[in-house]
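Using this note's numbering, the letters of the sequence shown map in sequence onto residues 2 to 175. Where a beta carbon is used, it is the ideal one built from N, C-alpha and C, also for glycine. Nothing here was measured: the structure is a model prediction, and the numbers come from that model.
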Amino acid sequence: MTAPADALLPPDADSLLGPVLSGLTACLCAVLAEGGRPTCACCLVWGNSPPAQDFCSCDCEGGHGQAWVRVVRQEPVVVADQRRRRCQMWRMETVIEVGVARCVAVVAPDGQSAPTCEQREADAWGLVLDQRLLREAVACCVALDGVQVRPGPVTPMGPQGGCAGVTMQITVEV
Numbered sequence: 002m003t004a005p006a007d008a009l010l011p012p013d014a015d016s017l018l019g020p021v022l023s024g025l026t027a028c029l030c031a032v033l034a035e036g037g038r039p040t041c042a043c044c045l046v047w048g049n050s051p052p053a054q055d056f057c058s059c060d061c062e063g064g065h066g067q068a069w070v071r072v073v074r075q076e077p078v079v080v081a082d083q084r085r086r087r088c089q090m091w092r093m094e095t096v097i098e099v100g101v102a103r104c105v106a107v108v109a110p111d112g113q114s115a116p117t118c119e120q121r122e123a124d125a126w127g128l129v130l131d132q133r134l135l136r137e138a139v140a141c142c143v144a145l146d147g148v149q150v151r152p153g154p155v156t157p158m159g160p161q162g163g164c165a166g167v168t169m170q171i172t173v174e175v
């Protein structure tokens, strides 16, 4: 399978949602880096669940893990007294997830030594910081100026397979 010749720009994909998704992704990547928690991969992804943790244990120039933005679901907003025109018009509520996953201490390959409390606490405090940075990325993102945003749940992920993380959902109306 080959990729399309010309990459779509966010407004070409969806004139309202596209700039929100691309702007939020840029905000997330920047806030994580500025907060001292850069990732090896930070991108917009597609799927019905958080992305595969391909970069979880990856260490790169000053960072590790991965961060993402994805659409969780969309639902139409009912508008009273909507008159039918040539094309049906409606607004959408879109649930968006921002998340980050990192490598965490696990049982040694020999199966004998478990992570110490200090290692587990270091991982936990790092993920608490990631959680705060996710909230900051959403709260301070200029791409969300003028967009109705409702915060949703913040949920820990894992640990599973040496990865743990945190996700945050928001609902935007565009």
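For residue i and residue j, what's the separation of their Cα atoms in angstroms?
| i | j | result |
| --- | --- | --- |
| E98 | T168 | 7 Å |
| E62 | R103 | 15 Å |
| M2 | V96 | Caution is warranted here: a pLDDT of 49 is assigned to M2, below 50, making its placement in the model unreliable, and no coordinate value can be reported. |
| A138 | V108 | 33 Å |
With distances taken Cα to Cα, identify the nearest neighbour of residue i among the options.
| i | options | result |
| --- | --- | --- |
| D146 | L10, D13 and L22 | L22 |
| N49 | V150, E35, A68 and V72 | V72 |
| Q120 | L18, G163, G64 and C28 | G163 |
| F56 | A138, T40, L45 and W47 | T40 |
| D15 | Q54, C28, R92 and M158 | R92 |
| P152 | V101, E94 and D13 | E94 |
| V155 | D131, E174 and V173 | D131 |
Hey, quick one: how far does the alpha helix (DSSP H) through residue i stretch, first residue to last?
| i | result |
| --- | --- |
| W126 | C118 to A140 |
| E35 | L18 to E35 |
| P12 | P11 to A14 |
By the 10 Å Cβ neighbour count, where 16 or more other Cβ atoms means buried, how is residue i classified, buried or exposed?
| i | result |
| --- | --- |
| P110 | exposed |
| P160 | buried |
| Q149 | exposed |
Could you tell me the boundaries of the beta strand (DSSP E) in which residue i lies?
| i | result |
| --- | --- |
| T40 | Counting along the chain, T40 falls outside any beta strand (DSSP E), and DSSP gives it neither H nor E. |
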